[in-house]
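Single-structure report; data block below.
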Amino acid sequence: MILDYVQSHADERQYWQDKVRTVAGNTPSDPAAATELDFELWHYYAERSRVVDPFKAIVQKEGLKRISMRNLAEYWLRIWTSPRPKRKRPDDLGSL
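Start counting the sequence shown at 65; every next residue gets the next number (this note's numbering).
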């Protein structure tokens with residue numbers, strides 16, 4: 065639901081792209097980046113659930129229970145940050 069909401073709102077998408085890049089810094093594959101974004105996404109969900117209908121309806125029906133946002137955090141880290149250069153394997157160096 066957060067993914068759909070952010071994709072359909074340009075200002076929200078820009079905010080999250082900037083946030084992801086800032087949190088990732090130079091190490092997007094660092095598990096701490098995904099953990100921090102998971103935390104930030106959870107708070108975003110809680111905040112949106114007070115004012116935006118799709119979120120509000122679910123929270124009224126199911127309650128505001130903590131759910132993991134780590135998969136979304138890791139996905140955004142993959143698509144919104146620069147890929148790290150692949151390390152050359154020792155057997156690849158011999159063919160140069």
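Backbone N, C-alpha and C define an ideal beta-carbon position, used for all residues, glycine too.
Taking residue i and residue j to be in contact with their CB atoms under 8 Å, please state how far apart those CB atoms are, rounded to whole angstroms.
i     : j      : result
VAL84 : LEU141 : 6 Å
When the Cα atoms are used, what is the spatial distance from residue i to residue j?
i      : j      : result
LYS120 : ARG114 : 6 Å
TYR109 : ASP82  : 18 Å
ARG112 : LEU128 : 11 Å
ALA97  : ILE131 : 18 Å
MET133 : PHE103 : 8 Å
TRP80  : LEU101 : 10 Å
GLU138 : ASP94  : 10 Å
LYS125 : ASP117 : 12 Å
Ends of the alpha helix (DSSP H) at residue i?
i     : result
THR99 : 95-112
LEU67 : 66-72
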